[in-house]
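Numbering (our numbering), first residue to last: 24 to 272.
Listed below in structure tokens is the structure:
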């Protein structure tokens with residue numbers, strides 16, 4: 024009798040694992056500029072970002088503000104995140120959850136699946152040669168989408184050798200943490216040169232703190248922006264998301 028009860032419960036848990044994944048790519052197809060709002064406690068360059076770190080309230084604010092997706096930083100050593108943070112947020116939203124971490128091995132992609140991620144960040148600079156394609160294939164086999172992040176033209180060409188549907192242009196140089204929105208300008212120009220009939224979605228990342236920044240990038244033709252620090256520091260993150268989207272002055 025007990026064994027049957029256990030089996031029934033486990034069957035329910037398995038069905039939960041089979042749930043349809045929310046689509047990051049589709050969130051970027053919506054009219055207007057999509058905001059991928061990030062939840063992170065700290066960063067190597069700025070330290071603690073929120074005096075009171077309340078990820079569930081932050082998530083609720085992002086939903087109220089109309090974010091298209093949510094990025095959850097799970098790196099423990101440098102960003103004070105955790106996989107448990109992502110797991111705890113999964114039942115609280117139907118928005119796509121992007122796991123943002125430094126993924127080097129397919130095992131981490133499997134881990135992301137079981138944590139409840141809908142998509143994973145893959146940093147092209149960390150995945151040379153066939154490694155990037157291998158990670159993309161693993162994610163695809165699990166029904167996970169990907170955001171492939173690049174910072175320069177070489178990394179962009181590497182990403183374009185794959186079928187990655189979403190490319191992220193990181194305006195932050197991870198070698199010295201400097202930020203320049205002209206990185207997106209330069210890489211978007213190169214993307215349009217290499218793929219004149221662009222079918223991939225583009226997300227601009229880092230250094231975006233105002234509607235002026237967002238409008239500048241939107242006018243360039245990006246589909247979405249990934250914003251973390253300014254939202255984590257905001258006293259009203261819901262309103263800040265709306266401002267970034269151009270819905271509030």
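From the three backbone atoms N, C-alpha and C, an ideal C-beta is built for every residue, glycine too.
- Residue 225 is not a Cβ neighbour of residue 193, given a cutoff of 9 Å.
- Residue pairing by DSSP places residue 66 opposite 70 in a beta bridge.
- Secondary structure of residue 88 (DSSP, three-state): helix.
- Scanning its chain for C-beta atoms nearer than 7 Å, with the 5 sequence neighbours on each side dropped, one finds around residue 208 the residues 243, in chain order.
- Rounded to whole angstroms, the Cβ separation of residue 249 and residue 271 is 20 Å, and the two are not in contact under 8 Å.
- Within the model, the alpha-carbon separation for residue 120 versus residue 106 is close to 12 Å.
- Following the DSSP letters along the chain, one finds residue 172 inside the beta strand (DSSP E) bounded by residues 168-173.
- Restricted to the stretch 105-140, the alpha helix (DSSP H) segments that are unbroken, complete and at least 4 residues in length are 106-112, 129-138, listed in chain order.
- Here residue 94 is not near residue 200, since their CB atoms are 9 Å or more apart.
- Per DSSP, reduced to three states, the secondary structure at residue 204 is coil, with no helix or strand assignment.
- A contact between stretches requires three or more CB pairs, one per stretch, nearer than 8 Å, and the stretch 250-267 fails this requirement with the stretch 208-224.
- Annotation: residue 192 is outside any alpha helix (DSSP H); the continuous beta strand (DSSP E) that includes it extends over 189-193.
- Residue 94 carries a strand assignment under DSSP once its states are collapsed to helix, strand and coil.
- Under the 8 Å Cβ criterion, the stretch 147-154 does not count as touching the stretch 66-84, having fewer than three qualifying pairs.
- The beta carbon of residue 74 lies closer than 7 Å to none in the same chain, with the five residues before and after it left out.
- Restricting attention to 114, 111, 235, 98, the CA atom closest to the CA of residue 131 is found in 98.
- The residues 139, in chain order, have a CB closer than 6 Å to that of residue 113 in the same chain once the five nearest residues on each side in sequence are set aside.
- In the three-state scheme derived from DSSP, where H, G and I count as helix and E and B as strand, residue 180 is classed as helix.
- Rounded to whole angstroms, the Cβ separation of residue 214 and residue 179 is 6 Å, and the two are in contact under 8 Å.
- As computed with DSSP, residue 228 is found in a beta bridge with 193, 249.
- Judged by beta-carbon spacing, residue 183 lies beyond the 9 Å limit of residue 169, meaning their Cβ atoms are not closer than that value.
- Under the 10 Å beta carbon count, residue 31 is surrounded by fewer than 16 other beta carbons and is classified as exposed.
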